[in-house]
Structures are given as C-alpha cells and as structure tokens.
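Residue numbers (this note's numbering), protein chains in the order written: chain A, 383 to 908; chain B, 45 to 352; chain C, 2 to 297.
All C-beta atoms in this analysis are idealised placements derived from N, C-alpha and C, irrespective of residue type, glycine included.
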Amino acid sequence: MFTPRLAVGPLLLASTCLALPAGAETLDIGVTGELASFDTSQVSGGIWESQILMDVYEGLVKKGPDGEILPGMATSWEVSEDGLTYTFHLREDAAWSDGEPVTAEDFVFGWRHLLDPANASKYAYMLYPVVGAEAVNTGQQPPEALGVAARDDGRTFEVTLESPTPYFTQLLTHYTAYPAPKHAFDAHGKDYVDLDHIVTNGAFTPEAWVSQSHISVQRNPEYYDADAVALDGVTYHTIEDRNAGVSRFRAGELDIMREYSSSMYELLREQLPDATHMSTYLGSYYYVFNHREGHPTTDPQVREALSLATRREVISEQIMGGTFQPALSFVPDGIDHYRVQEMALEGDMDARMARARALLEDAGYGPDTPLHLRLRYNTTDEHKKIAVAMAAMWRPLGVEVEMINAEATVHYQTIAEGDFDIARAGWIADYNDAENFLTLLRSGVGNNYGAYADPEYDALLDRAAETLDLDERQQLLQQAEALAMDDHALIPMLYYVSRNLVNPALDGWEDNIEDDHPSRWVHFAE
Amino acid sequence: MLSYSLKRLLQAIPTMLIVITIAFFLMRVAPGGPFDGERALPPEIEANLNAAYHLDEPLPQQYLRYLGNLLQGDFGPSFKYKDFTVTELILQGFPVSLEIGGLAILLALVIGLPLGIAAALRRNSAIDYAVMGTALAGIAVPNFVVAPLLALVFGVLLGWLPAGGWNGGALPNLVLPVLALSIQQIAYIARMMRASMIEVLGSHYIRTARAKGLSERLVVWRHAIRPALMPVVSYLGPAVAGIITGSVVIEQIFGIPGIGRYFVQGALNRDYTLVMGTVVFYGALIVLLNLVVDLIYSALDPQIRYDD
Amino acid sequence: MTADTLSPDTAPGAAGDSLGREAWRRLKQNRAAMASLLLLSIITLACVAGPWLTPWGLADVDWNAFNVAPTLEGGHWLGTDANGRDLLTRTLYGGRVSLSVALVATLVSLLIGVLYGAIAGYLGGRADNLMMRFVDIMYSLPFMFLVILLMVVFGRNILLIYAAIGAVEWLDMARIVRGQTLSLKRREFIEAAHALGVRDRTIVTRHLIPNAIGPVIVYVTLTVPKVILLESFLSFLGLGVQEPLTSWGVLISEGTDMMQTSPWMLLVPSVFLALTLFCLNFLGDGLRDALDPKTR
Numbered sequence: 383m384f385t386p387r388l389a390v391g392p393l394l395l396a397s398t399c400l401a402l403p404a405g406a407e408t409l410d411i412g413v414t415g416e417l418a419s420f421d422t423s424q425v426s427g428g429i430w431e432s433q434i435l436m437d438v439y440e441g442l443v444k445k446g447p448d449g450e451i452l453p454g455m456a457t458s459w460e461v462s463e464d465g466l467t468y469t470f471h472l473r474e475d476a477a478w479s480d481g482e483p484v485t486a487e488d489f490v491f492g493w494r495h496l497l498d499p500a501n502a503s504k505y506a507y508m509l510y511p512v513v514g515a516e517a518v519n520t521g522q523q524p525p526e527a528l529g530v531a532a533r534d535d536g537r538t539f540e541v542t543l544e545s546p547t548p549y550f551t552q553l554l555t556h557y558t559a560y561p562a563p564k565h566a567f568d569a570h571g572k573d574y575v576d577l578d579h580i581v582t583n584g585a586f587t588p589e590a591w592v593s594q595s596h597i598s599v600q601r602n603p604e605y606y607d608a609d610a611v612a613l614d615g616v617t618y619h620t621i622e623d624r625n626a627g628v629s630r631f632r633a634g635e636l637d638i639m640r641e642y643s644s645s646m647y648e649l650l651r652e653q654l655p656d657a658t659h660m661s662t663y664l665g666s667y668y669y670v671f672n673h674r675e676g677h678p679t680t681d682p683q684v685r686e687a688l689s690l691a692t693r694r695e696v697i698s699e700q701i702m703g704g705t706f707q708p709a710l711s712f713v714p715d716g717i718d719h720y721r722v723q724e725m726a727l728e729g730d731m732d733a734r735m736a737r738a739r740a741l742l743e744d745a746g747y748g749p750d751t752p753l754h755l756r757l758r759y760n761t762t763d764e765h766k767k768i769a770v771a772m773a774a775m776w777r778p779l780g781v782e783v784e785m786i787n788a789e790a791t792v793h794y795q796t797i798a799e800g801d802f803d804i805a806r807a808g809w810i811a812d813y814n815d816a817e818n819f820l821t822l823l824r825s826g827v828g829n830n831y832g833a834y835a836d837p838e839y840d841a842l843l844d845r846a847a848e849t850l851d852l853d854e855r856q857q858l859l860q861q862a863e864a865l866a867m868d869d870h871a872l873i874p875m876l877y878y879v880s881r882n883l884v885n886p887a888l889d890g891w892e893d894n895i896e897d898d899h900p901s902r903w904v905h906f907a908e
Numbered sequence: 045m046l047s048y049s050l051k052r053l054l055q056a057i058p059t060m061l062i063v064i065t066i067a068f069f070l071m072r073v074a075p076g077g078p079f080d081g082e083r084a085l086p087p088e089i090e091a092n093l094n095a096a097y098h099l100d101e102p103l104p105q106q107y108l109r110y111l112g113n114l115l116q117g118d119f120g121p122s123f124k125y126k127d128f129t130v131t132e133l134i135l136q137g138f139p140v141s142l143e144i145g146g147l148a149i150l151l152a153l154v155i156g157l158p159l160g161i162a163a164a165l166r167r168n169s170a171i172d173y174a175v176m177g178t179a180l181a182g183i184a185v186p187n188f189v190v191a192p193l194l195a196l197v198f199g200v201l202l203g204w205l206p207a208g209g210w211n212g213g214a215l216p217n218l219v220l221p222v223l224a225l226s227i228q229q230i231a232y233i234a235r236m237m238r239a240s241m242i243e244v245l246g247s248h249y250i251r252t253a254r255a256k257g258l259s260e261r262l263v264v265w266r267h268a269i270r271p272a273l274m275p276v277v278s279y280l281g282p283a284v285a286g287i288i289t290g291s292v293v294i295e296q297i298f299g300i301p302g303i304g305r306y307f308v309q310g311a312l313n314r315d316y317t318l319v320m321g322t323v324v325f326y327g328a329l330i331v332l333l334n335l336v337v338d339l340i341y342s343a344l345d346p347q348i349r350y351d352d
Numbered sequence: 002m003t004a005d006t007l008s009p010d011t012a013p014g015a016a017g018d019s020l021g022r023e024a025w026r027r028l029k030q031n032r033a034a035m036a037s038l039l040l041l042s043i044i045t046l047a048c049v050a051g052p053w054l055t056p057w058g059l060a061d062v063d064w065n066a067f068n069v070a071p072t073l074e075g076g077h078w079l080g081t082d083a084n085g086r087d088l089l090t091r092t093l094y095g096g097r098v099s100l101s102v103a104l105v106a107t108l109v110s111l112l113i114g115v116l117y118g119a120i121a122g123y124l125g126g127r128a129d130n131l132m133m134r135f136v137d138i139m140y141s142l143p144f145m146f147l148v149i150l151l152m153v154v155f156g157r158n159i160l161l162i163y164a165a166i167g168a169v170e171w172l173d174m175a176r177i178v179r180g181q182t183l184s185l186k187r188r189e190f191i192e193a194a195h196a197l198g199v200r201d202r203t204i205v206t207r208h209l210i211p212n213a214i215g216p217v218i219v220y221v222t223l224t225v226p227k228v229i230l231l232e233s234f235l236s237f238l239g240l241g242v243q244e245p246l247t248s249w250g251v252l253i254s255e256g257t258d259m260m261q262t263s264p265w266m267l268l269v270p271s272v273f274l275a276l277t278l279f280c281l282n283f284l285g286d287g288l289r290d291a292l293d294p295k296t297r
C-alpha cells in the first residue's frame, strides 16, 4: 500500500501549465453526470446540468460570481403594484450565436415550448406561477393562453402571474426560464439543438459532445459581453466516479472538480489545501417520518424521542468528517429573507436520552414491547453510514431498527407509496427561497413523502403565498417552520455543504451558497 | 459448415424474439419507472411524460409498437439521454468498447495462453507457482479496486499516463483501461489453459503419441495444444461478448465513453428503450459468438461435427 | 488411433465407494492441498465461531473509535470502520454470508451446469441445439431485472441471492462441459462403452463427466470470487444483505471508497478473500489429481 501523504502540489501545477497551449485558455471542469439535453425543456434535473446550461444560455437575469442576481438579457424591469405583472426591457445588443437578435418572442416561444404538454418537460411546473401555465401544461388551454407577451417590436417582455410570487426573480435564474431560439426552431423543428446548427445566447456556445465523455463549448463572439469573457472555451468532463474525479484533478487533467466524496475531505485538505473548497449550501438532509395511519411514527412522543436521541455533531464531525453541518431546522441556514426556526433540544446528551426514554415509555414502548422501525435509505456510502449511525443511536432507547436499502428509483417509489416508518430524503434548493423547502410539508404535495398534514401549517403557507410584503411573508413562513419543528414533523439532520476542487491558479471563482459558478467570470491568473 | 452456419443464423431470429419478449415484460415487473427520482413529479407532468413516450398505452400494445419500430431498425429515443437515440448511443459507444475490450482480450490471449502452457509443461516448478500465484492475485482483486489503484499510481503519483479521459482514443489514454480490464482475463485464461493442458498431457492419446517416439515438441504443438484450447474457447464465447460491450467500472473510473455503463445505468434509470437496445445488441452478440465458438470447436477437433 | 486406446482406466465397474476412498488417500498425499484444506477449515471455523469470541457485536459502535487503524491497544486488532464498528468482527460475520453464498451458488452452478452441459453435448443434434439456444436466451436476459423478478415473486430473502447467482453462473459451466463432451464422445472409449451396451446415463455420469473434471474444477475456483463480488452488486441494489449484516464483497466495495484514507478497510476483507481463493485453488488442483480417471 502507498502512504497517504503525497507531495502532489508541485506536480499538479507543473502539469497544468504544460497542458495549456499558450494563448488559448480553456477550462476543464469535471461534472458528476451527463447532460440530458441542450433543449432546456428536456433537462432531467441533475445539479451538474445547470452548470453547463448557465454557461451556454442566459435568461432575463444572470448570476454573478458570488451568486448575486444581475441583469441578463433584460437590462431592467418593473413590477406592478399588485406584484402580478413584470415588464422586462431587453438588451439592445442581445444576440444568438448566429448573430440573430434575442427578442421577447424568443422568451414567449421558449416558455410555451417548455409548457407544451407534447414536450413533456419534467420541470415545467417551475413556471406554474405564470397565468395559464398549469392549464397549458395539462392541455386544457392552448399555448397562446400563457400569460406572457412580446411588446415594442420584441424589446419588451411582459409576464403576468397568478399570484404575487416574491421569489419570481429567483425563478428566472433557473434554466426553465431561459429563452429558446424561435428562428432556429422554425428552421429545424425539434432538432434545433443538434450540434450542427445549435445556437445559444450565453457566453459560450457548444462545439462538441461525445456522449459520456465530454462536452466542449467555445466563447460566443456574439455575446454582448464577449470582450469581458476571459476563457476561450470550457470542456465539461462527465465523471461519475467521484474518487476518479479527484485522481484526475490531482493529475492536472481538470481545473475544477465539482464534487469530491466526504471521505476524501481530510486527505485533500491536507494535501491540496489551496484547491479544496467547502462552503455552506442550500440543501437539507433529513429523515421523513411516516404520518400515515398505522405507523408508530404518527405518535408525536415517538417522533420527539427519536429526534432527541439523534447526535447530529457525531454524524457531521466523526462520521462525515466535517463535510456536513449539523441541522436543527428543516430550512437550511443562509436563505435570503429568512431566519431558520431551530427545534428546541435542551440539556446535555444524558438528559436528552433520559427524556427520550420517558417519552417512549409514555407512548407504550418498553423492554417487552420494543419499538420496531423500518428505516429506508437509497444506496450510497454516505447514506449508509448515516443510517447505520442513526440506528446505533436509537438502539440504547430499546428501538429495533430494520434498515432497508435500495437503488434510488426503487427507494423513492417505495417511500412515495408510504411503505416505511422512517426514510432518508434530501432537498437541494431550486431557488433561494424558504418556500421551496416548506412546501415539502404541505398536505397533498408529491414530495411530502411522509404525508404530513396540518391544516394550520397549510394555512400559514397559503397566507404567505398571498403576501406581498417581504417582512410579513417572512414572519408567516417562519411561523410555519416553527410549527413543524415543534410537532417533529420530520428529523432535520444535516445541512449539505458544497464541495469543489478548484485550481488555485484560477481567479473569479467564488464559493457561494447556491454553488453556481458561471464560467464567464473565471479566468487564469496572470 | 456453411449450411450449418446459415441454419444457426436463421434460428437466431426466434431466439432473439424470445429474448426481446421476456426482457420487455421482465423489465416492467421491476418497481419504479423512468420518471421516478429524488423528486416526485406532479401528476399532470407525469401524465405528459407517459403520453409522450406511449407509456399510457396497455402493455401489449406498447410491446407491439416496440416490435414494429424494431423491425424498421428503430430502437427508439433514450428516456434519459434525450439528445440521442438509442441507436446513436450504441453506435457511438460500441467502437470505443470494442477497441478497449478487443485489446484487452488480445492481451489476455497473448499473455495468458503461453503462461498457462508454460506452467502446465513445468508443473510444480518455480515457474508454475509464480504464474499461478500471480494469476490468483489477479483473480482475487476485483477491477473496481485495480482500476482506481492504476489511476492513482500511474496517473497521479508517477504522472506517466493520464489518470482518465478518452481523448479520442489516444494511445496513452488506452493503456490503463486496457490493462485494468485485461488483468483478470489474463489470470482466467492462464488458469484454464494450465488446467486443460495438464488434463490433455495426461490423456491416453498423448501417452500413445509419446510412446510412438514423437518428439516432445511435436507432441505438445501438434497434439496437445489444440484439444487443450477447448475449454478456453468455450469460456471465451460469452466472455468476449461481455468484454467488448464494455465494463461499467472501467468506464466510470477512466471516463471512457463506451456502452458498458448503459447496461447498468440504463437498468437503474429504468430507461426502458435503452435497456431493450442493450439487450438486443448483447443477445445478438451472444448468439453470434456462441456460433463462432461452435465452429472453432470443429476446427480444433475435426471429430466434432454438426451434421443434423 | 487404434483400438488399444480403449483405455483400461476408464473401464466401467469400479465401485464408487472405493473410488472415493482412493481419491481421499491420494488427496492426503498432496501437501499443498492438505495445507489449504486446513487453512480453509480455520477460516470457515473462524467465521462461524469467531464472532462469539470477539468482544464486539456486529452492530456495536465504539463511540470513541471511528475509523481507527489496526492496533493492539483498544481491542480493535484490525481497526474499525467509518461507523466505529470492529472490522475483525464484521469481516468474520461477512465471511459467513460470502462463504455460504459461494458454497451454495457454486454447488448450484456445478450441479445444473455440469449435468446440463454433459447431456446437451452427449445427445448432440437437435436436443443440443435446443438446449444451447436456451442458454443463449438466459445469457441475454438482463440479470438485474431477473433478480428483481425473483424478489417480486418470492420476497426479500437471503436464499434468493443464492438462487439468483446460481441461476446465472451455471451458464458458463454448461457451455464448458458441453464443449468437452462434444469432443470426448467421439473418442474410442466412449464409443466402445456404447457398443458394449452401457446405458446412456452411466456413460454421462461415469465417463463423460469425470473426464471433463479438470476444466470444471478450475472453473469452479474461478466462479467463487465472481459470486462473492456479484453478491455485493445485489446488496447495492438492496437485494442482498442488509445492514447491519455485511459480506466480504460489500466490505471490499466500501473499502475501495476509503482506500486512500483508511487502507485497512480494503485490505482486511481482501486478504480474507484472497486467502480463501488461494486455498480453494490448491485444493482444487489436488482434487483434480485425486479424481483423475486417467491416472487412477
């Protein structure tokens, strides 16, 4: 066996320099999966996909290096007083990579394309706040019924919403809100994203795609800010094995690796301290309680006892090596316009365990009538370690945990059907708003795997959805979370962190809470 | 021989039909569908998806539709990799898998066979023990351990070869994946060849040949090796089909754009069309290679005839 | 070849009982095989009885020892895993699963594969063709869905792993034995036995199979590691062993993920697996020699 202490720093730098021909600067990024399509209506939802799409397309707004929202295809916009109508003024010099101007028609077309039921877009519901969107997507109304319009000869784009949606500008950063080139679609139909004739309006435009190997993009000369884009191109390498990604980064083949496994963190921090990034992230790792009739987890005492016995710091520090943060709230810390509502966990561990025992006893469980729980998780090394640790923490309470793992497809289907007591789940924010998380506990929502139903909670979210005043809305959302935490609706366990390896020779790469890093900001230091 | 081969190829049609039919329905018994994932989809979206891929039709109708398309050479669109059809995915990936797998098999034969023969001829000698010890180590260490180790040692620590990537099939990028894939095959082939050589060398007709005063060299070359190849050839039929259709482990660790991952990822994603595409492709290879094996049998042992 | 190739050593009629005793006598003289048998017995015994002797249980967590390298102090002689569980204990428990999967799946594949292959090869013609096309079909079916189907029908069950693995592993064996049989059945001693009126059944079991034993035994020793690692894939799918129970295959694949940071997690189960394979190999060679009808 080899020793883990290796002097690879100098080696890494040397080979990176060698790999780059003078003059041309291309960035090699390792992404953890394969892009489903350059047609944004066909994207499957992997977080790696947004990295590629945000480099080649640009919506009405775009993100800065730190994740801040900046004007994109729209230079300015107004919101009507009732919060229902948004008017975007498009940039004069916005153009597709073939030189055609980007007009409001392209947005109208793109959004209709996304919502057209024939295109069966998975993420069409992201635009449901727009008037008529749901009706169009379910085929009850024609695409023309969508509340969007092109005005002023295509220089103004107007959107009407069903109800005021305070996070609407956040939604606009998502790839579902990108425009689609109407002229290209008119010429080529559904194949408009074929690499032979694809046109894009972002800082880069696709050049080559070898399925399961890499996608190369080059600087888009027609991009309005092309002069400010330092890189000549970017290559996204599909790397499904995370440890292989680390090896390729260390070998100097990659400038950025968009993930590394938690077990490698300590080693990397030691060996590549300048390249190893870890940062807070808008993601929540939690265990779902089954609230359906007939499961022991319907008893709030049981739920509280299990939560009390959860030693979050042990999981995050000892088992995950510091690559997660302990969480006492469902909504992750760091969301805009929100203060997380942590659950109350008083006393030291002994006191908590004593209380947990008492609660279980009250609930009718004891040495002769042990609590038996079926814990489901989807198979990965990390989920397995956490499940094992949870079972071990509950064992002193006399709880018998039956662990059942399955591949992700089966796992989610099984828990959606309600066949579990406790199940592992996680949520990464689609946009920076607390509602994106809190809606997962709304009754009747598909992702509410535990079928939690509390009319008071639902009412608070309903009221928040109608509230224009941001502070007032924040209060309502916070009340909702506090309610759910008091009720132990689920076990918040950990906040995700983003984990990246970044060549220290790169400038313009900033850690940010959404872990979005448009390549146009990145360049090699002089 | 020719008419036999033709007959076998004709028989492939019902064989493949049975495979396609069983696989088609087998796949649908499995829980989970192509659109189940970390995020539950709203019912209306799921309805759109099912309609777009004809999954809302009764299963027998879907089956007939699939067969109809297949007859026209259309494997359908991939559910997951939407910018490619299944045909495109297989046509794009297979040459890569064939190159890596073919080289690995070649390497395994070139190294494994002589090693096995040498070990058998010098049975219980130092050579024998060295060869068999190494072969066993090759068998005991799975390729999901070998591959990352090779990448780490030669790619990262020594920096001699790329740690991954395909790079259009450049030679340096080929070395580690081919090596990782062939180690186990070298070991298998050497082990089997040794055993079967020992078997043949001890057989009566070799003893007879020796008794007739034929030189040892002639005995080995003329009489022993050919029959000894039989079990290796039997093993190689399906093994070659498996190896040239790629290995998901090797592909994921070295970033090789082959088709091996589709067998596993396609199944995990419930990418029905892709799964069927791989099944048809693999099935055809199996049928073909097992025919080749049967033909090689009669070349190795002229007494083997397929006369009916 | 001439008639004198009707070899005396394959003459029918030798009593099975004395055959076994004779083979055992010859096996005992093979030192490598006997040493392997001894070591294999020790490993098996350790896996069966060992877990009761270690101070830790399968699921016991040492909250003070996460991810600890092998050490003589503290009681974790072979270290702990990322969850603070004793690796020696888990490896021994894992051995129970892996060894029994290997044993049962190998026996199943041996039994079905050898008989199927020998019958197909011996019958030849249309029967052989039909039987081999069935094998082609079995090869072509996607293994993962086959296993899932078994689970849907029979429920989650450890026996299922054995059945599933046996169900695919016999195919190679059948093709190898059939190939040998095709070649053997044209040899004079088989044709002579035929002419003497020996029953087909006796020819297959007494003459064909024993003469194909060499490749069969080697292939069995190659099947064992395949089976053990295949089990870890099933466990990944959730169709194999469930935590806290484990197996060598699962431990090795967990260890691979940690090989740069905690190499012992890979080394410990790998060494157990490798030792078992070495033993099986030498034992297999010894058995082959002992059972060889030609040298008897």
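Self-check item: Any C-beta of chain A under 7 Å from that of R83(C)
Solution: In the third sequence, the residue the question calls residue 83(C) occupies position 82. Just to set this straight, residue 83(C) is Ala in the shown sequence, not Arg. So, interface residue.
Quiz item: Buried or exposed: which applies to T224(C), given that a residue is buried once 16 or more other Cβ atoms fall within 10 Å of its Cβ?
Solution: For the purposes of this step, residue 224(C) is taken as the residue at position 223 of the third sequence. Buried is the call here.
Quiz item: Going by beta carbon distance, what residues of the same chain come within less than 6 Å of V219(B), once the five residues before and after it are set aside?
Solution: Walking along the second sequence from the start, residue 219(B) turns up at place 175. These residues qualify, in order along the chain: L205.
Self-check item: Straight-line gap, S8(C) to I191(C) (C-alpha atoms, nearest Å)
Solution: Against the third sequence, residue 8(C) aligns to sequence position 7. Against the third sequence, residue 191(C) aligns to sequence position 190. Reliability of the predicted coordinates at S8(C) is poor, the pLDDT of 40 falling under 50, and the value obtained from them is presented with this limitation in mind. S8(C) and I191(C): Cα-Cα distance of roughly 10 Å.
Quiz item: Using the beta-carbon count (16 or more within 10 Å), is F671(A) buried or exposed?
Solution: In the first sequence, the residue the question calls residue 671(A) occupies position 289. Its Cβ being crowded by 16 or more others within 10 Å, F671(A) is buried.
Practice problem: Taking only beta-carbon positions, decide if G828(A) is within less than 7 Å of chain B. | Solution: Taking the first sequence and counting its residues from 1, one reaches residue 828(A) at position 446. Interface criterion met: the Cβ of G828(A) is under 7 Å from a Cβ in chain B.
Exercise. Starting from N882(A), trace the beta strand (DSSP E) both ways and give me its first and last residue.
Key: Position 500 of the first sequence, counting from 1, holds the residue named residue 882(A). Unbroken beta strand (DSSP E) run through N882(A): 872–884.
Quiz item: If the cut is a Cβ gap below 9 Å, which residues of chain B does P216(C) touch?
Solution: Numbered from 1 along the third sequence, position 215 holds the residue referred to as residue 216(C). Going along chain B in sequence order, the residues near P216(C) (Cβ under 9 Å) are M236, A239, S240, E243, M274, P275, V276, S278, Y279.
Quiz prompt | Beta-carbon contacts of G241(C) that lie in its chain and below 6 Å, excluding the five residues immediately before and after | solution = By one-based count along the third sequence, residue 241(C) stands at place 240. The residues are I162, E232, L235.
Quiz item: By the criterion of Cβ-Cβ separation under 7 Å, what are the contact partners of Q55(B) in chain C?
Solution: Along the second sequence, one-based indexing puts residue 55(B) at 11. Within chain C, R134 have C-beta atoms less than 7 Å from the C-beta of Q55(B), given in sequence order.
Quiz item: Taking any Cβ of chain C, which residues in the stretch 757–770 of chain A have a Cβ under 8 Å from it, in chain order?
Solution: T761, D763, K766, K767, A769, V770
Quiz item: Name the DSSP beta bridge partners of N787(A), please?
Solution: Numbered from 1 along the first sequence, position 405 holds the residue referred to as residue 787(A). DSSP lists Y759(A) as partners of N787(A).
Practice problem: Could you check what DSSP says for L664(A) in three-state terms: helix, strand or coil? | Solution: Residue numbering aside, residue 664(A) sits at position 282 when the first sequence is read from its first letter. L664(A): strand per DSSP, three-state reduction.
Exercise. Could you please give me the residues that DSSP links to G917(A) through a beta bridge?
Key: Given a span of 383 to 908 for chain A in the structure shown, any question on residue 917(A) remains unanswerable.
Quiz item: Since Q700(A) meets chain C, which of its residues come closer than 7 Å, beta carbon to beta carbon?
Solution: Taking the first sequence and counting its residues from 1, the one referred to as residue 700(A) is at position 318. Neighbours of Q700(A) on chain C, chain order: F67.
Exercise. Can you check DSSP and say which residues form a bridge with F470(A)?
Key: Here the question's residue 470(A) lines up with position 88 in the first sequence. Note: F470(A) sits in a beta bridge opposite W459(A), F539(A).
Quiz item: What residues in its chain sit with their C-beta under 8 Å from that of V324(B), if we drop five residues either side in the sequence?
Solution: In the second sequence, the residue the question calls residue 324(B) occupies position 280. Closer than 8 Å at Cβ, skipping near neighbours: M60, V63, I64, L114, F119.
Quiz item: How about L238(C): is its C-beta nearer than 7 Å to some C-beta of chain A?
Solution: Mapped onto the third sequence, residue 238(C) falls at position 237. Residue-level contact by beta carbon holds for L238(C) and chain A, with a gap shorter than 7 Å.
Quiz item: Taking 7 Å as the CB-CB limit, is P301(B) close to chain A?
Solution: For the purposes of this step, residue 301(B) is taken as the residue at position 257 of the second sequence. Judged by the 7 Å Cβ criterion, P301(B) is in contact with chain A.
Quiz item: Is M660(A) close to chain C, meaning its C-beta is less than 7 Å from at least one C-beta of that chain?
Solution: As a position in the first sequence, residue 660(A) is number 278, starting the count at 1. Not closer than 7 Å to any Cβ of chain C, the Cβ of M660(A) fails to qualify, so no.
Self-check item: Beta carbon proximity, R207(C) to chain B, threshold 7 Å
Solution: Sequence index remark: in the third sequence, residue 207(C) carries index 206 (1-based). It does not; no Cβ of chain B falls within 7 Å.
Quiz prompt | Cut-off 8 Å between Cβ atoms - residues of its own chain near D763(A), not counting five sequence neighbours on either side | solution = Counting from one through the first sequence, the residue named residue 763(A) turns up at place 381. Excluding its 5 nearest sequence neighbours in each direction, D763(A) has C-beta neighbours in its own chain below 8 Å: S643, S645, listed in chain order.
Quiz item: Using a Cβ cut-off of 8 Å, which residues of the stretch 145–160 of chain C contact any Cβ in chain B, in chain order?
Solution: M145, F146, L147, I149, L150, V153
Self-check item: Option in P52(C), T257(C), A175(C) with minimal Cα separation from G95(C)
Solution: On the third sequence, residue 95(C) is found 94 positions in, with the first residue counted as 1. Checked all of P52(C), T257(C), A175(C); the closest Cα to G95(C) is P52(C).
Quiz prompt | For R533(A), the residue or residues it bridges with in DSSP | solution = Here residue 533(A) refers to the residue found at position 151 when the first sequence is read from its first residue. According to DSSP, residue pairing for R533(A) in a beta bridge involves T538(A).
Quiz prompt | Contact the stretch 241–250 of chain B vs the stretch 310–321 of chain B: 3+ CB pairs below 8 Å | solution = no
Quiz item: What separation, rounded to the nearest whole angstrom, lies between the Cα atoms of R176(C) and L329(B)?
Solution: In the third sequence, the residue the question calls residue 176(C) occupies position 175. In the second sequence, the residue the question calls residue 329(B) occupies position 285. Roughly 16 Å between the two C-alpha positions.
Exercise. Return the chain-ordered list of same chain residues with a C-beta closer than 8 Å to the C-beta of G808(A), the five sequence neighbours on each side being excluded.
Key: Here residue 808(A) refers to the residue found at position 426 of the first sequence. Sequence-distant Cβ neighbours of G808(A) in its own chain, meaning closer than 8 Å and more than five residues away, are G665, S666, Y667, Y668, Y878.
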